Amino acid sequence: MKSTDFSWNQCSCGSKLLKEYDHIDLVYPVNREKTKHNAYCNSSLGGCGRTVYGKDIEEVNKRWNEGITDEKL
Ligand SMILES: [Zn+2]
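Heads up: the sequence shown is residues 61 to 133, going by the working numbering.
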């Protein structure tokens with residue numbers, strides 16, 4: 061599954077990065093084994109730096125849409 065296959069809520073900061081971009085800089089594996097992924101409201105694209113983690117894209121998507129914030133950079 062690709063990140064663009066999922067529906068992403070607007071970020072709590074009002075950013076629509078995950079709706080309007082192709083996600084290359086927004087959802088990606090954070091380790092070489094690809095057992096951990098994150099979604100990132102990319103501050104260099106005007107986002108707030110919110111980061112949400114999960115074991116795969118599906119879990120990241122679910123946690124993102126629940127409004128969870130794991131880190132804010
Ligand atoms: Zn944001």
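Backbone N, C-alpha and C fix where the C-beta goes; we use that ideal spot for every residue, glycine too.
Computed from a prediction, not measured in an experiment: that's the story for all the values here.
Are Q70 and K62 touching if we call contact CB-CB under 8 Å? no
As assigned by DSSP and simplified to three states, the class of T111: strand
May I ask whether a heavy atom of ligand 1 can be found less than 7 Å away from the beta carbon of R110? yes
With H, G and I counted as helix, E and B as strand and the rest as coil, what does DSSP make of V60? Outside the shown range of the chain, which is 61 to 133, sits residue 60, and nothing can be said about it.
Around the Cβ of S67, are there at least 16 other Cβ atoms within 10 angstroms (buried) or fewer (exposed)? exposed
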